[in-house]
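One structure is given below, encoded as structure tokens.
In the working numbering, the protein residues as written are 997 to 1194.
Put into structure tokens, the structure is as follows:
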């Protein structure tokens, strides 16, 4: 590779990093696709094992299923632009904007908006004051997966849906007992299923 091409590549990388850093400082992150600020990783392939729940909230046990994989066009057809931004581009909805910020009055649980995988029981939801739906544990540990997120100059634990690899939010260690964890999720990534009406 010629020296001039190397110089051009370095300038492009530095320029992109500077723009991304400035955007994060100025609060532009909700308008900049997060995947444009990170290295694109291929979606995982192969079957996954999940704990399955019916719409009455009954635990049906572990099942091995084919992972939900769609093309960009298929995801865009299945999701609203805002849902696509969260689930497929690792975006974040503005604080206090989501419909699930407050714990529902009726019992139920949350499924993934992208694939229907059961994610969180409403009984584990709590008011965190952060502006996002927060839970102290997932409905089943294997139904979510963790990734290291080192964007924006910090290291966080990113939470994805195990079945479709959709971005859901992040996990923090400042939650209530009994786990002391806070799964800070995006409302747009979730779909509430009331079990008393099922």
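Ideal Cβ positions, reconstructed from N, Cα and C, are used throughout, including at glycine.
- Item | Helix, strand or coil at residue 1149 according to DSSP, with G and I counted as helix | For this step, residue 1149 is matched to residue 153 along the chain shown. Residue 1149 falls in the helix class under three-state DSSP.
- Query: Between the beta-carbon of residue 1064 and the beta-carbon of residue 1160, is there less than 9 Å?
  - Reply: The residue you call residue 1064 lines up with position 68 of the chain shown. The residue you call residue 1160 lines up with position 164 of the chain shown. For residue 1064 and residue 1160, yes; Cβs fall inside 9 Å.
- If we ignore side chains and look at the alpha-carbon of each, how far apart do residue 1156 and residue 1128 end up? Within the chain shown, numbered from 1, the residue matching residue 1156 stands at position 160. Within the chain shown, numbered from 1, the residue matching residue 1128 stands at position 132. Between residue 1156 and residue 1128, the C-alpha separation is close to 16 Å.
- Quick one: what does DSSP say residue 1062 is sitting in, helix, strand or coil? The residue you call residue 1062 lines up with position 66 of the chain shown. In the structure shown, residue 1062 sits in a strand (DSSP, three-state: E or B).
- Query: What residues are listed by DSSP as bridge partners for residue 1190?
  - Reply: Position 194 of the chain shown, counted from the first residue, corresponds to residue 1190. Per DSSP, 1104.
- Query: Hey, residue 1158 and residue 1044 are a contact pair by Cβ (cut 8 Å); roughly how many whole angstroms apart?
  - Reply: Residue mapping note: residue 1158 aligns to position 162 of the chain shown, counting from 1. Residue mapping note: residue 1044 aligns to position 48 of the chain shown, counting from 1. With 8 Å as the limit, residue 1158 and residue 1044 qualify as a contact, their Cβ atoms being about 5 Å apart.
- Message: Can you give me the C-alpha to C-alpha distance between residue 1142 and residue 1192, rounded to a whole angstrom?
- Response: Reading the chain shown from its first residue, position 146 is the one you call residue 1142. Reading the chain shown from its first residue, position 196 is the one you call residue 1192. C-alpha separation (whole angstroms): 31 Å.
- Query: Going by C-alpha distance, which of 1130, 1148, 1167 and 1067 is nearest residue 1105?
  - Reply: Position 109 of the chain shown holds residue 1105. When only C-alpha atoms are compared, the closest one is 1130.
- Message: Suppose the cutoff is 7 Å on Cβ atoms and the five residues either side in sequence are ignored; what does the same chain contact list for residue 1170 look like?
- Response: Residue numbering aside, residue 1170 sits at position 174 when the chain shown is read from its first letter. Around residue 1170: 1178.
- Message: Rounded to whole angstroms, what is the Cα-Cα separation between residue 1110 and residue 1047?
- Response: Start at 1 with the first residue of the chain shown, and residue 1110 comes out as number 114. Start at 1 with the first residue of the chain shown, and residue 1047 comes out as number 51. Residue 1110 and residue 1047: Cα-Cα distance of roughly 17 Å.
- Message: Could you tell me the alpha carbon to alpha carbon distance between residue 968 and residue 1153, rounded to whole angstroms?
- Response: The chain is shown only over 997 to 1194; residue 968 falls outside these bounds and no answer can be derived.
- Which residues DSSP lists as bridging residue 1043, in chain order: Position 47 of the chain shown, counted from the first residue, corresponds to residue 1043. Partner(s): 1062.
- Message: Please report the straight-line C-alpha distance between residue 1076 and residue 1082, rounded to a whole angstrom.
- Response: Translated into positions along the chain shown, residue 1076 becomes position 80. Translated into positions along the chain shown, residue 1082 becomes position 86. The alpha-carbon atoms of residue 1076 and residue 1082 are separated by roughly 10 Å.
- Task: Measure the C-alpha to C-alpha separation of residue 1188 and residue 1049 and round it to an integer number of angstroms.
- Result: In the chain shown, residue 1188 corresponds to position 192, counting from 1. In the chain shown, residue 1049 corresponds to position 53, counting from 1. Their Cα atoms are separated by approximately 13 Å.
- List the endpoints of the continuous alpha helix (DSSP H) containing residue 1080. One-based indexing of the chain shown puts residue 1080 at position 84. Residue 1080 -> alpha helix (DSSP H) spans 1077-1085.
- Could you say which of 1118, 1101 and 1097 lies nearest to residue 1107 if we only look at CA atoms? Along the chain shown, read from residue 1 onward, the residue named residue 1107 stands at position 111. It is 1118 whose Cα lies nearest to the Cα of residue 1107.
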